[in-house]
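Enquirer: What follows is a structure written as structure tokens; I'll ask about it next.
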Amino acid sequence: MTNHPTVTADRRDGLAVIYTKGYINNQAGEEIARVAYVLIDEGHKALLLNLEGTTIVNSIGISILIEIIEKMIEIGGRLAFCRLTPTIDKTFHIMGLTQYAPIYGDEATAVAALRG
Amino acid sequence: MSLPLPGPGSDPAAEPEAWGRLLELAREESADHLLLRHLVEMWARTSGARGVALYLEQGELLRREAAIGDEFPSILERDDVANGAAGTVPLPGGALVVEPPEAAAAAAGAAAQLTLLLGAAATNRRLKQQIKAERFQVNYRIVELEALYDVGLAVAGTLDRERLAEEVLMRAISLLDARRAALYLIENGCYRLDRAFGGAAAAEVAVADPELGRFLAGEGPAPAALLPGARYAIGVPIQVEAGPRGFLAVGDKETRRGLAPFPEGDRRILVLFATQAALALENVRLHQQALETERMAREMELAAEIQRLILPTGAPPVPGYSLFGWNRPARQVGGDYFDLLSLPGGQVGLAVGDVSGKGVPAALMVSTLHSALRLLLDRFPPGPELVEALSAHVLASSAPSKYITLLLAELDPGSGALRYVNAGHNPGLLLRRDGEVELLDACGLPVGLLPGSRYQARAVVLARGDLLCLYSDGITECLSPEDEEFGADRLAALLAEHRDLPLAELVEAIDGATGAFGAGTPQGDDQTLVLLRREEEA
Numbered sequence: 863m864t865n866h867p868t869v870t871a872d873r874r875d876g877l878a879v880i881y882t883k884g885y886i887n888n889q890a891g892e893e894i895a896r897v898a899y900v901l902i903d904e905g906h907k908a909l910l911l912n913l914e915g916t917t918i919v920n921s922i923g924i925s926i927l928i929e930i931i932e933k934m935i936e937i938g939g940r941l942a943f944c945r946l947t948p949t950i951d952k953t954f955h956i957m958g959l960t961q962y963a964p965i966y967g968d969e970a971t972a973v974a975a976l977r978g
Numbered sequence: 057m058s059l060p061l062p063g064p065g066s067d068p069a070a071e072p073e074a075w076g077r078l079l080e081l082a083r084e085e086s087a088d089h090l091l092l093r094h095l096v097e098m099w100a101r102t103s104g105a106r107g108v109a110l111y112l113e114q115g116e117l118l119r120r121e122a123a124i125g126d127e128f129p130s131i132l133e134r135d136d137v138a139n140g141a142a143g144t145v146p147l148p149g150g151a152l153v154v155e156p157p158e159a160a161a162a163a164a165g166a167a168a169q170l171t172l173l174l175g176a177a178a179t180n181r182r183l184k185q186q187i188k189a190e191r192f193q194v195n196y197r198i199v200e201l202e203a204l205y206d207v208g209l210a211v212a213g214t215l216d217r218e219r220l221a222e223e224v225l226m227r228a229i230s231l232l233d234a235r236r237a238a239l240y241l242i243e244n245g246c247y248r249l250d251r252a253f254g255g256a257a258a259a260e261v262a263v264a265d266p267e268l269g270r271f272l273a274g275e276g277p278a279p280a281a282l283l284p285g286a287r288y289a290i291g292v293p294i295q296v297e298a299g300p301r302g303f304l305a306v307g308d309k310e311t312r313r314g315l316a317p318f319p320e321g322d323r324r325i326l327v328l329f330a331t332q333a334a335l336a337l338e339n340v341r342l343h344q345q346a347l348e349t350e351r352m353a354r355e356m357e358l359a360a361e362i363q364r365l366i367l368p369t370g371a372p373p374v375p376g377y378s379l380f381g382w383n384r385p386a387r388q389v390g391g392d393y394f395d396l397l398s399l400p401g402g403q404v405g406l407a408v409g410d411v412s413g414k415g416v417p418a419a420l421m422v423s424t425l426h427s428a429l430r431l432l433l434d435r436f437p438p439g440p441e442l443v444e445a446l447s448a449h450v451l452a453s454s455a456p457s458k459y460i461t462l463l464l465a466e467l468d469p470g471s472g473a474l475r476y477v478n479a480g481h482n483p484g485l486l487l488r489r490d491g492e493v494e495l496l497d498a499c500g501l502p503v504g505l506l507p508g509s510r511y512q513a514r515a516v517v518l519a520r521g522d523l524l525c526l527y528s529d530g531i532t533e534c535l536s537p538e539d540e541e542f543g544a545d546r547l548a549a550l551l552a553e554h555r556d557l558p559l560a561e562l563v564e565a566i567d568g569a570t571g572a573f574g575a576g577t578p579q580g581d582d583q584t585l586v587l588l589r590r591e592e593e594a
């Protein structure tokens, strides 16, 4: 098995969903951050990270995600996660990410919450 | 967020609202970054600088925290802002970089107080960052412990080998911030690659490979072919008390600045993790083994059932005679065979065979013997021709060195004439009414032993009261605790003693006697008896 991270974004009227595939490590984390900052620069104030395609994340990936969350707080925006594996869900809770970025089971619920 | 800022050289009394907002920012827990940005902007206005950037120390580097102007890189080396570097203003735990450089002089002039304020805010920010980084590390240690705990839980919770192996590999990578890893498990005395992530890995490694041994002990580099292209690697064995079960190799530790060697602490974590993983994997292995044993037991039971169906459950009625057959395999299935047949013209066929070897292979040959004999009986009468054809068939359809001893007989009930072929089998015992014992000796090699075997038929006549006993060597070679064989003489004596009993009871008497002779010694071989008695009264 090889790890070729892919990050794509779907823009939806002020809200954007970022889809990840593969291992969220330094390389993939930087790519997620790049895409997120582009979206922020475009004026998106609500970001959803759909991690359906990700089963593994390391501490560097998490630290980059925290930076993105901080950036969103700084601009007064909101960020949420959805479709996490139980292991990643647990890791995000322990690492405190969920204090600032809620986790939702599915994308529709997350989008509704971010728009609400 | 946009705030009115105090102007250059502003007096707080003159701009109370702007200074009030700035103080609000200073008090706000999460606004330190915003505060720094505003202070940097004020510093730029006050000094007249075109651009100003605030850098804060982060490990060995300085990271850009806030900037006015876009000519500043995000990261600087410490040397870039070392004492006296042009255009830099040292701050506690960081520095201001100013464009044009001569504007830095404002730090000692118009912007002196702002510089002090910026220094205090930067220190505050840096300490908060430090606390955050330490909290991150503490939390990540908890994640590591959770991972160890979770894999421990899998011992009781997961019996899916594939899922467990995947979980072990993924968690090892995540735990150590590795970029790649490979899991090897022992198979047929060799470490075989079970799965890899992030790059190629050797398909197999010899268990005794000395280079691998040193690598797993932390005393040497990884064998070159193990994780091709990896710059850094560590490996630990996966072992249980009974011995090694496999190993984990992880490669290329990630940092924000690229790849790095694994620190010694990572080895300790991986050893702990591998200990948990070993228990989980061993649990799954034992479970699979138990399932396999259960499956084999079911298959053996099925084979035993098939064999029970092959052997006759009763004897054909033969007026003027009693006929009885009995078999007990030493294992679940056996290599002894007997058959009692009604033949055309009122004749009766008797067969007793013994396949070399025991257990499943012997049972399979019994099956071959049974079907071949039944088919050949359609073509030949039970005599030399049939046994020769049978021998050729067995020779062609069985492994070398496998053979069958067989005594095949045909009785003409009216005359009492018994024609037989003994292919290497134990001599049948014919107990005459007057107590004399005649032997139905072998007259040829066992079937399937050599090509082109030839056989001869012999004949005896059973008079009224005569008792014929065909048996397998499991009866006569039954051992006592002193390793003495039961023998044909004891069998003949038993037959004489109980010759008038119903045949089923006579078999019970023989079984009882051999059992008593063995005195608890486990039955070593399959046992078969076929008894035929010509009754006194027709």
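Chains A and B, in that order, are what the protein sequence lines are. Letter by letter, the first sequence follows residues 863 to 978 of this note's numbering. Letter by letter, the second sequence follows residues 57 to 594 of this note's numbering. Think of the CB as a built atom: it goes at the ideal place given N, C-alpha and C, for glycine as much as any other residue. On a predicted model such as this, the values are computed, not experimentally measured, just so you know.
On the DSSP letters alone, give me the boundaries of the beta strand (DSSP E) that residue 214 of chain B sits inside.
Expert: Segment: none, residue 214 of chain B is in no beta strand (DSSP E) and carries neither H nor E.
Enquirer: Using CA coordinates, which residue listed in B/413, B/507, B/412 is at the minimum distance from residue 446 of chain B?
Expert: Here the closest residue by C-alpha is B/507.
Enquirer: Could you name the residues of chain A that residue 202 of chain B contacts, counting a contact when the two beta carbons are closer than 7 Å?
Expert: Chain A residues near residue 202 of chain B: 952, 956.
Enquirer: Please confirm whether residue 881 of chain A has its beta-carbon closer than 7 Å to some beta-carbon of chain B.
Expert: No - not a single Cβ of chain B is within 7 Å of the one on residue 881 of chain A.
Enquirer: Do residue 910 of chain A and residue 879 of chain A have their CB atoms nearer than 7 Å?
Expert: Yes, they are a contact pair.
Enquirer: Let me confirm a value: residue 306 of chain B is counted as buried when at least 16 other C-beta atoms fall within 10 Å, else exposed. Which label applies?
Expert: Residue 306 of chain B should be labelled buried.
Enquirer: So, is residue 456 of chain B buried or exposed, given that buried needs 16 or more other C-beta atoms within 10 angstroms?
Expert: Residue 456 of chain B comes out exposed.
Enquirer: Quick one: is residue 872 of chain A buried, meaning 16 or more other Cβ sit within 10 Å of its Cβ, or exposed?
Expert: Its Cβ having fewer than 16 others within 10 Å, residue 872 of chain A is exposed.
Enquirer: Ends of the beta strand (DSSP E) at residue 484 of chain B?
Expert: From DSSP, the beta strand (DSSP E) with residue 484 of chain B extends over 484-487.
Enquirer: Mind the definition here: the segment 455-470 of chain B touches the segment 496-511 of chain B only if three or more C-beta pairs lie below 8 Å; say whether that holds.
Expert: The segment 455-470 of chain B is in contact with the segment 496-511 of chain B.
Enquirer: Quick one: Cα of residue 186 of chain B to Cα of residue 169 of chain B, how far?
Expert: Taking the straight line joining both Cα atoms gives about 26 Å.
Enquirer: Short of 7 Å in beta carbon distance, which residues of its chain neighbour residue 179 of chain B, apart from the five on each side in sequence? Order them along the chain.
Expert: So the qualifying residues of the chain are 148, 149.
Enquirer: Using Cβ-Cβ distances below 8 Å, what residues of the segment 905-928 of chain A are close to chain B?
Expert: Listed in sequence order: 917, 918, 919, 920, 921, 922, 924, 925, 928.
Enquirer: What does residue 195 of chain B reach in chain A if we use C-beta pairs closer than 7 Å?
Expert: The contacting residues are 956, 957, 958.
Enquirer: Residues of the segment 886-906 of chain A in Cβ contact with chain B at a cutoff of 7 Å, in chain order, please.
Expert: Under the 7 Å Cβ criterion, the segment 886-906 of chain A contributes 887, 888.
Enquirer: What residue ranges within the segment 165-192 of chain B form continuous beta strand (DSSP E) runs of no fewer than 3 residues, ordered along the chain?
Expert: Entirely contained in the segment 165-192 of chain B, not one beta strand (DSSP E) run reaches 3 residues.
Enquirer: What span of residues does the alpha helix (DSSP H) with residue 888 of chain A cover, start to end?
Expert: Element bounds for residue 888 of chain A: 888-903.
Enquirer: Can you name, in chain order, every residue of its own chain whose Cβ lies under 7 Å from the Cβ of residue 376 of chain B, other than the five neighbours on each side?
Expert: Hits under 7 Å: 469, 590, 591, 594.
Enquirer: Is DSSP giving residue 918 of chain A helix, strand or coil here?
Expert: In this structure, residue 918 of chain A counts as coil in the three-state DSSP scheme.
Enquirer: Quick one: which unbroken beta strand (DSSP E) runs of 3-plus residues sit fully inside the segment 345-424 of chain B? Chain order, please.
Expert: DSSP runs (the beta strand (DSSP E)) wholly in the segment 345-424 of chain B: 377-384, 392-398, 404-411.
Enquirer: Taking only beta-carbon positions, decide if residue 863 of chain A is within less than 7 Å of chain B.
Expert: At residue 863 of chain A the pLDDT is 49, less than 50, meaning the model places this residue with poor confidence; the figure from the coordinates comes in the next sentence. So, interface residue.
Enquirer: What residues in the segment 177-194 of chain B have a beta carbon less than 8 Å from any beta carbon of chain A?
Expert: Against chain A - using a Cβ distance shorter than 8 Å - the residues of the segment 177-194 of chain B are 191, 192.
Enquirer: Is the Cβ of residue 233 of chain B closer than 7 Å to any Cβ of chain A?
Expert: Answer yes: the Cβ-Cβ gap between residue 233 of chain B and chain A drops below 7 Å somewhere.
Enquirer: Could one say the Cβ of residue 97 of chain B lies closer than 7 Å to chain A's Cβ atoms, at least one of them?
Expert: False, the Cβ-Cβ gap to chain A never drops below 7 Å.
Enquirer: Quick check on the burial criterion: 16 or more other C-beta atoms within 10 angstroms. Buried or exposed for residue 298 of chain B?
Expert: By the neighbour-count rule (16 or more Cβ atoms within 10 Å), residue 298 of chain B is not buried but exposed.
Enquirer: Residue 938 of chain A to residue 134 of chain B, Cα distance in whole Å?
Expert: Whole-angstrom Cα-Cα distance: 33 Å.
Enquirer: Output the distance between the C-alpha atoms of residue 892 of chain A and residue 960 of chain A, rounded to the nearest integer angstrom.
Expert: Taking the straight line joining both Cα atoms gives about 20 Å.
Enquirer: Is the distance from the Cβ of residue 288 of chain B to the Cβ of residue 317 of chain B below 7 Å?
Expert: Going by C-beta atoms, residue 288 of chain B is nearer than 7 Å to residue 317 of chain B.
Enquirer: Taking Cβ positions, are residue 131 of chain B and residue 107 of chain B nearer each other than 7 Å?
Expert: Not closer than 7 Å, so no.
Enquirer: Please state the DSSP three-state secondary structure of residue 978 of chain A.
Expert: Looking at residue 978 of chain A - three-state DSSP - the assignment turns out to be coil, as it is neither helix nor strand.
Enquirer: Is there contact here, the segment 82-93 of chain B with the segment 161-177 of chain B, by at least three beta-carbon pairs under 8 Å?
Expert: Yes, the segment 82-93 of chain B touches the segment 161-177 of chain B.
Enquirer: On a CA-only basis, which of B/120, B/409, B/387, B/380 is nearest residue 524 of chain B? Give me that one, please.
Expert: For residue 524 of chain B, the nearest C-alpha among the options comes from B/380.
Enquirer: Identify each residue in the segment 440-462 of chain B for which the Cβ-Cβ distance to at least one residue of chain A is less than 8 Å, and report them in chain order.
Expert: Going along the segment 440-462 of chain B in chain order, one finds no residue with a Cβ nearer than 8 Å to chain A.
Enquirer: Of the residues A/956, A/874, A/971, which one's Cα is nearest the Cα of residue 942 of chain A?
Expert: Taking only the C-alpha atoms, the option nearest residue 942 of chain A is A/971.
Enquirer: I need the DSSP call for residue 948 of chain A, collapsed to helix, strand or coil.
Expert: Reduced to three states, the DSSP call for residue 948 of chain A is helix.
Enquirer: Could you please tell me which residues of the segment 930-947 of chain A, in chain order, have their CB closer than 9 Å to any CB of chain B?
Expert: Residues passing the 9 Å Cβ filter: 932, 935, 936, 937, 938.
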